[in-house]
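**Student:** Numbering (this note's numbering), first residue to last: 52 to 189. Below: one structure in structure tokens.
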């Protein structure tokens, strides 16, 4: 069986809507060629400024901040509460819950569970609330 990949044929097909070959450096001329430097669009700064000032971009940033700042603050408080409780209340943390499992171990496992839950919630929030608007901006 003759096997080949997209690199062999020179026809790579990317289905990722975020893929930008020029941003990744592929297909971009090196800076040693002055003609290639003149071929770049001179209005990149203006495009960036226009997008940055648009209502859609501000909405994406607002949605991002409304999720990330409270979530980060809550997680930081939860982590600090665990550390403070472990250092100031060792008797409480050593109290058995089930068998040899104590309060400190349950809280520590809760830290891991919270991390995974927060990661899932962030990915879901990004997919439902920000990705479509960000793709429209591109």
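From the three backbone atoms N, C-alpha and C, an ideal C-beta is built for every residue, glycine too.
(1) Is it right to say residue 111 is buried, meaning 16 or more other beta carbons lie within 10 angstroms of its own, or is it exposed?
(2) Assuming contact is defined by CB atoms lying nearer than 8 angstroms, are residue 181 and residue 114 in contact in what I supplied?
(3) Can you check which of these residues, 169, 145, 150, 170, is closest to residue 158 by C-alpha distance?
(4) Starting from residue 158, trace the alpha helix (DSSP H) both ways and give me its first and last residue.
(5) Roughly how many angstroms separate the alpha carbons of residue 148 and residue 154, rounded to a whole number?
(6) Give the straight-line distance between the Cα atoms of residue 134 and residue 107, rounded to the nearest whole angstrom.
(7) Is it true that the CB of residue 176 sits closer than 8 angstroms to the CB of residue 126?
**Tutor:** Taking the structure as given:
(1) Residue numbering aside, residue 111 sits at position 60 when the chain shown is read from its first letter. Under the 10 Å beta carbon count, residue 111 is surrounded by 16 or more other beta carbons and is classified as buried.
(2) Here residue 181 refers to the residue found at position 130 of the chain shown. Here residue 114 refers to the residue found at position 63 of the chain shown. With contacts defined by Cβ atoms closer than 8 angstroms, residue 181 and residue 114 form a contacting pair.
(3) Against the chain shown, residue 158 aligns to sequence position 107. The option with the nearest alpha carbon to residue 158 is 145.
(4) As a first step, residue 158 must be located in the chain shown, where it is residue number 107. Where residue 158 is concerned, the enclosing alpha helix (DSSP H) starts and stops at 154 to 176.
(5) In the chain shown, residue 148 corresponds to position 97, counting from 1. In the chain shown, residue 154 corresponds to position 103, counting from 1. Distance between the alpha carbons of residue 148 and residue 154: 6 angstroms.
(6) By 1-based counting over the chain shown, the position of residue 134 is 83. By 1-based counting over the chain shown, the position of residue 107 is 56. Each residue's alpha carbon lies about 41 angstroms from the other.
(7) Position 75 of the chain shown, counted from the first residue, corresponds to residue 126. Position 125 of the chain shown, counted from the first residue, corresponds to residue 176. In this structure, residue 176 does not lie closer than 8 angstroms to residue 126 by Cβ.
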